[in-house]
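Structure first, commentary second.
Protein chains: 4
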Amino acid sequence: MTPPHVRDSVELSDYQAVRDDTERLAAPLSAEDQMIQSMPDVSPTKWHRAHITWFFETFLLVPNLPGYEVFDAEFGYFFNSYYETVGERQPRHERGFLSRPSNDQVTAYRAHVDEAMVRLIDTGVGDRRDLADLVRLGLHHEQQHQELLLMDIKHVLSKNAFRPAYHPRPDMASTPPGPHNWVEFDGGLIDIGYEGNDFHFDNEGPRHSVYMQPFEVADRLVTCGDWLQFMADGGYHEPIHWLSEGWATITRENWDAPMYWEPSETGWMVQTLHGLQPVDPNEPVAHISYYEADAYARWAGARLPTEFEWEHAAVDVELTGNLASSSVLHPLTVQSPSNGTPRQMIGDLWEWTSSSYAPYPGFETAPGAVGEYNGKFMVNQYVLRGGCCATPPGHIRATYRNFFPAHSRWMFSGLRLAR
Amino acid sequence: MTPPHVRDSVELSDYQAVRDDTERLAAPLSAEDQMIQSMPDVSPTKWHRAHITWFFETFLLVPNLPGYEVFDAEFGYFFNSYYETVGERQPRHERGFLSRPSNDQVTAYRAHVDEAMVRLIDTGVGDRRDLADLVRLGLHHEQQHQELLLMDIKHVLSKNAFRPAYHPRPDMASTPPGPHNWVEFDGGLIDIGYEGNDFHFDNEGPRHSVYMQPFEVADRLVTCGDWLQFMADGGYHEPIHWLSEGWATITRENWDAPMYWEPSETGWMVQTLHGLQPVDPNEPVAHISYYEADAYARWAGARLPTEFEWEHAAVDVELTGNLASSSVLHPLTVQSPSNGTPRQMIGDLWEWTSSSYAPYPGFETAPGAVGEYNGKFMVNQYVLRGGCCATPPGHIRATYRNFFPAHSRWMFSGLRLAR
Amino acid sequence: MTPPHVRDSVELSDYQAVRDDTERLAAPLSAEDQMIQSMPDVSPTKWHRAHITWFFETFLLVPNLPGYEVFDAEFGYFFNSYYETVGERQPRHERGFLSRPSNDQVTAYRAHVDEAMVRLIDTGVGDRRDLADLVRLGLHHEQQHQELLLMDIKHVLSKNAFRPAYHPRPDMASTPPGPHNWVEFDGGLIDIGYEGNDFHFDNEGPRHSVYMQPFEVADRLVTCGDWLQFMADGGYHEPIHWLSEGWATITRENWDAPMYWEPSETGWMVQTLHGLQPVDPNEPVAHISYYEADAYARWAGARLPTEFEWEHAAVDVELTGNLASSSVLHPLTVQSPSNGTPRQMIGDLWEWTSSSYAPYPGFETAPGAVGEYNGKFMVNQYVLRGGCCATPPGHIRATYRNFFPAHSRWMFSGLRLAR
Amino acid sequence: MTPPHVRDSVELSDYQAVRDDTERLAAPLSAEDQMIQSMPDVSPTKWHRAHITWFFETFLLVPNLPGYEVFDAEFGYFFNSYYETVGERQPRHERGFLSRPSNDQVTAYRAHVDEAMVRLIDTGVGDRRDLADLVRLGLHHEQQHQELLLMDIKHVLSKNAFRPAYHPRPDMASTPPGPHNWVEFDGGLIDIGYEGNDFHFDNEGPRHSVYMQPFEVADRLVTCGDWLQFMADGGYHEPIHWLSEGWATITRENWDAPMYWEPSETGWMVQTLHGLQPVDPNEPVAHISYYEADAYARWAGARLPTEFEWEHAAVDVELTGNLASSSVLHPLTVQSPSNGTPRQMIGDLWEWTSSSYAPYPGFETAPGAVGEYNGKFMVNQYVLRGGCCATPPGHIRATYRNFFPAHSRWMFSGLRLAR
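Printed below as a string of structure tokens:
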């Protein structure tokens, strides 16, 4: 990506805080836990920890720190994710075959790179805005992988028949979300995309005008309770609600509930990072595909918002949500009362929009490897907005564009109705 | 779909002209030719001929013609395409297993339905605008299948090792397309979508405003000669040009040229409806996927137009192209000279746009089975515009939206650059 | 194969009788019926008719009839089955894509080759034992394909939702098979394999000694009535009866009854060449895989016979069974009373044996293309013995070895218990 | 299996020796190494270590040791291999997803079971022949898994791009095997199968007579040098040598050399437990499928021996081969000189025979779960004889029957010619 113009130089403390967060998230996991690739989309925790380190080594240290010695030349093969311009790499679906390098070696790798990054930041970055921008990109990249790490380990642990918990459940109770209200917005020519001098990804710009019709969005997310009504009404068995490709998918995959839900004698249970729990009707429904979100909306006589509608509705919302902390990794919201503005916009669940992921007018990829960051995924993906309970604090904005294929469910995805 | 408001009542001669066109297209094919399903996307000619007839029987005759007797109750099972609301049906990928009903029975079916439709049109439609609209929808539906029939039979014949021709090659020579010029367009708030009282599909509306940046489009299609340069420059072997999913596709499928191209001792040949022919550098390149179109554009330092840009550029273009006739089923253009407006917009090749297929603001599906017509395909498809040499005359408009998945190549698809 | 030593010269009337039989079997089928390949194992009727003709043209006429003109040089590509030494050929799974050559052309091909074969037999074969042997091989090859033609068209018609009949059901009633008796055989050193001067396939020799333990075989086949008991006892749901690979197969394929059985409101129905019929408990059970035969035997406290046991038990049985005729294509037996010898050995159903298909000691393949006839299939196949109701009269012997993979079910396969 | 009649009671020292061997084999591997399932056929080392322990717990301790407390009730789910009668279990292809239980827990499990087994053997087994037999079966079962552990870890490490070694290469040189001599054997009625009072598996009996033709076997294995000649002669590119299914396999899989071979600038290399090594023409060729063994034999004008021929030829051979030790895990033979008897019969490489794996006459499975040991795999497998360099000493006999599907290559398989 184009390292964006950022307000000021990177602080060492920022670097260390983000790096520490990763280690804190990995701490409850053994070396063995950190190795598993439970499906091709999942990467092992160890791989995440090494890959984000390789990013700093490859794009910062090697070109910019005189005398830097690469920790291990083989790591470039193992921990490159998808940068075709940087050379051959471990096949995507064989990341779970890496017992070597060991977890301990990855820890040593992180320390080696951190030591060098401290030197680079201390000495070199102050005068070089391009380097500061690249460090900041590396940190945001690491934060993205922090969320992936949580998504992935949730999937890994769900493949264990006894459903171990990543973390004990915090002692919190949910509250009913209250009635479902619509919030109205005028249409018109509206500016979309990032504006400002702080960090943002290249795909959030250029800022540009979009003409919108008047629209309404729901003031809260769809809950598990709402979803149970959809299911009780035969939602998964009535093709008329579904996109043709969605119907083919649920039929082929035998889906009849969100991912991680499983029936029990006492009702629906759901696999969470706190282990298996009863489905809570107050919670927003999570781990649904685009197909399911779209079908629910159609059943409810509504539709999904476009990403522009969502951004317009969110732009004045305070960035305080249910963001990741070591104790809450679950979209378990104590509801703020309805007050005529949209609630749960930031940090609860990624919200599916009806927008296909595409470049904004005038978007250009950066030259070189970092140019592979975002642009090459702009096909057959749908945009999600708002961050989730696993998103690191400070890593979400109203203009932030996440994206997944329509069949994906292992991210913390939910939905809000529009019309 | 919502049967649109059409200007006047349907004429019997219109009905018969369209029905006759279908038979004329099938005439060069034996009963055996008309049975083959050479891949799941392809339908046999016989199936097309019967399915479009079933449409009239099911939606017009059964509900509206008193005393009408269904030709054969089993045909509803065989020839329903995808209307979930109408009941069970022949599996999509097993349409090639239908030796019974025979081709002769299908011909009799067509005669039976035509005879009844004549009665219906003569007697009942004059007073009923809704019926006239539905007849017209059926005729446009039949025209869509006329083009599918040609796409499909091209694929069928290409699977025969000796590459038989559907039709002899007409005696026409191509001319060089001349230099590649850019045509400029101002941006602004521009109306998009169908306007008027003639027939159009539901997905062409509602008409609405879109805000565009200024843009340029090429005044001609990319030619085979252009494409050979892309190939000579390693276009199919350099990941940097490709969407990630596109690179995975061409690697998995071993694509190194457009569909239907094959190497020979004397250079590239291409399978056409006229049999195997040398690739002509003057012709527009056809049978490319979205991935290939996008990669070419990136290689050329340009991009694909959005469907809105395309429509805005096309709106004043005369609807005279290289449309289907019994003698020309090949995008073989005698070039009009460059005159500062876009050429080859209508009736040469379907042009890939960068727009994902999505509903226009305010789009609503019709109640009942006809509501399944368009809406349920609005995911993971990209819009193509302009019609092609296999599109029936009268069946194309500047606002017409065709759509295919990004990997599809068996339709007559090409590309025009934008920037 | 090694054309075996046959007693006397081939008669023209033999040639014409076999060739006429093929046409008689194809006669109820339209050109469209004759085109379908309903699964990769199936070949279209038209392809069978042409392939067996190509055999005569390629191995008899081209090398031996001076001045013979090949009917069409392309046919060698289309109608070679698997002779690697004869050149490239139509992909096995794309035999259903051949609308051209047409059925009429195949009929003309047969006439062209027949006319030349008559000349060859009239003039050249009398003095040439090697040619007579090869003609006879061609005729037995054609008889094999006559049975395949019936197996295959049964499958083709079963894919049509309305289950058309190949031939009306003859007016015959079944009779109960009577109690299940065991017939004892002494063991010892026993000669196995073909002995004599008539035609036989290379894989039936060399004749050799096999040492056997004493054994017993049932005097009749397992019936549908027996099978219904197995099913009622949970046979398809209890892994302990099944080979590991068999259990995996029935689980993956959702098999819970023999092939062609389907439940109805009035009980189990079965697709036959006479259309859909109620399952008749008196009939031998047909269309079962090796896995199912083995599981049934285990459930019944017995086992399958080896092919040597079967041959030894069959060697004195008269060759009069329920062989193919235009009116009976169904293992519908009027039972001969039990008389202390095995019944239903010849011409009812191919009987699974526990023997893997392997060469007899001293077996050698013939040089050249005909050497590909049998040997190269000797892996992962199991031997079946006895012929079936679709086997041409005169084409079965006690030493005849048929073979199929363990999962195959579309041939007329049944089982007889041993212990 | 039927616990066979064994000569005397089991000794505690035998138990501990086998259990220690497993731990010694696992010792070079980290907890992370021990987790990987690199293909569905492979099991993680940790899983092997636990599964063989579960066998003792389930079949010995639970039913026979009063007061025994199961280590962890969940382990039955995780570490049951395929005993359908013992209940549900971890899916076969998801054994690599088990980070929990940890390697340390598995080590504790082994200690827990060992402690109890010592008590059982000390107190209970002396008087109970059935228990002694079952202990001995458990030990031989463990030895089978020791070899699997080595096969599997070889595959696991081969998936690491830098080809780490399991163990350093011992300092040994190979010697040329000398000319290829044939050893003649008379035919006749020959007894086959285990005879004696020591341990053997159920599938080695009952002992029975087989009538054989006279035959010859080569006095040595086919070497890598021999194989290079086959390759140089186009062996992998000439269909006439291959079984039809073998040709389809090598074409689909792109095989053009034995498994673990890879080309380099200096010639063929081979992945071994000592890392990547140059192919040594003196060594016997290893890691070949049945298809390749059969094709080589056909190319060489010979054939594979039957398992009966092999056993007859091996029965007087001394059981001293290249069996597993911590230092030699490679079929690297210092050749004994040719002396007119077959060499390399025991402990070098498993030798493919042409015999399909089938029960001997009179074979019966034991009642209950141990009856699932061998019988249910008797379909579509071919017998290999003689043990290999990874087989534990004491775990091989002339009558020992190993078996694998024809396409398998990851075991230490080689071939010896016969004719």
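Residue numbers (my numbering), protein chains in the order written: chain A, 1 to 419; chain B, 420 to 838; chain C, 839 to 1257; chain D, 1258 to 1676. All C-beta atoms, glycine included, are put in the ideal place defined by N, C-alpha and C.
Judged by their CB atoms, Tyr1134/C and Val1060/C are nearer to each other than the 8 Å cut-off. Excluding sequence positions up to five before and after Val1299/D, its CB lies within less than 7 Å of the CB of Asp1409, His1412, Val1413, all in the same chain and listed in chain order. Taking all protein chains in view, the Cβ of Phe581/B is surrounded by fewer than 16 other Cβ atoms within 10 Å, so the residue is classified as exposed. Residue pairing from DSSP places Leu1641/D in a beta bridge opposite Trp1609/D, Asn1659/D. When the beta-carbon positions are compared, Leu936/C and Phe916/C come within less than 8 Å of each other. Only Gly1353, Phe1354, Leu1355, Ser1356, Arg1357, Ser1359, Asn1360 from the stretch 1352-1368 of chain D bring a Cβ to less than 8 Å from some Cβ of chain A. Taking C-beta atoms under 8 Å as the contact rule, Tyr709/B and Trp771/B qualify, at a distance of about 5 Å. Spatial neighbours of Met1668/D in its own chain (CB-CB distance under 7 Å, excluding positions within 5 residues in sequence) are listed in chain order as Met1408, Trp1607, Phe1661. Put simply, the stretch 660-677 of chain B touches the stretch 714-734 of chain B. At least three CB pairs are less than 8 Å apart.
Contact with chain A is absent for Met458/B, since none of that chain's Cβ atoms lies less than 8 Å from the residue's Cβ. Residue environment: Ser919/C is assigned as buried (16 or more neighbouring CB atoms within 10 Å of its CB, all protein chains considered).
Here Ser264/A is exposed: its Cβ has fewer than 16 other Cβ atoms, across all protein chains shown, within 10 Å. Rounded to the nearest angstrom, the Cβ distance from Gly193/A to Met212/A is 14 Å, too far for a contact under 8 Å.
A contact between stretches requires three or more CB pairs, one per stretch, nearer than 8 Å, and the stretch 1312-1330 of chain D fails this requirement with the stretch 1428-1437 of chain D.
Restricted to the stretch 508-550 of chain B, not a single beta strand (DSSP E) segment is unbroken, complete and at least 3 residues in length. Between Leu304/A and Ser354/A, the gap from beta carbon to beta carbon is short of 8 Å. For Phe1472/D, the enclosing beta strand (DSSP E) starts and ends at 1472-1475.
CA-CA distance, Pro1006/C to Gly1113/C, rounds to 8 Å. Within chain A, no residue has its CB atom less than 7 Å from the CB of Ser1521/D, the nearest being about 16 Å off. When 9 Å is used as the limit between beta carbons, Thr760/B is near no residue of chain A, the shortest such separation being about 23 Å. Secondary structure of His599/B (DSSP, three-state): coil.
As for any beta strand (DSSP E) of minimum length 3 sitting wholly inside the stretch 430-462 of chain B, there is none.
For Asp198/A, no alpha helix (DSSP H) encloses it, and the DSSP letter there is neither H nor E. Here Glu895/C is buried, its C-beta having at least 16 other C-beta atoms within 10 Å. Per DSSP, Asp713/B is not a residue of any beta strand (DSSP E); the alpha helix (DSSP H) it occupies stretches across 709-718. Beta-bridge pairing by DSSP links Met631/B to Gly607/B. At a C-beta separation below 8 Å, Ile874/C has these neighbours in chain B: Met454, Gly515, Phe516, Ser518. Beta-bridge annotation (DSSP): Pro1122/C is paired with Thr1061/C. Check the Cα spacing between Val1572/D and each of Asp1448/D, Arg1276/D, Asn1596/D, Asn1460/D: the tightest is with Asp1448/D.
In terms of beta-carbon proximity, Lys154/A stays away from the interface with chain D, with every pair separated by 8 Å or more.
Counting only residues of its own chain and dropping the five nearest sequence neighbours on each side, Trp466/B has a CB closer than 6 Å to the CB of Arg514. For Thr1110/C, the enclosing beta strand (DSSP E) covers residues 1105-1110. Distance from Trp1556/D to His1498/D at the Cβ level is roughly 5 Å; contact confirmed, criterion being Cβ atoms closer than 8 Å. Annotation: Ser628/B to Ser577/B spans about 44 Å, alpha carbon to alpha carbon. In the same chain as Leu448/B, and ignoring 5 residues on each side of it, the C-beta atoms closer than 7 Å to its own belong to Thr464, Ile572, in chain order.
In terms of Cα proximity to Asn701/B, the closest of Arg820/B, Gln648/B, Leu662/B, Glu635/B is Gln648/B.
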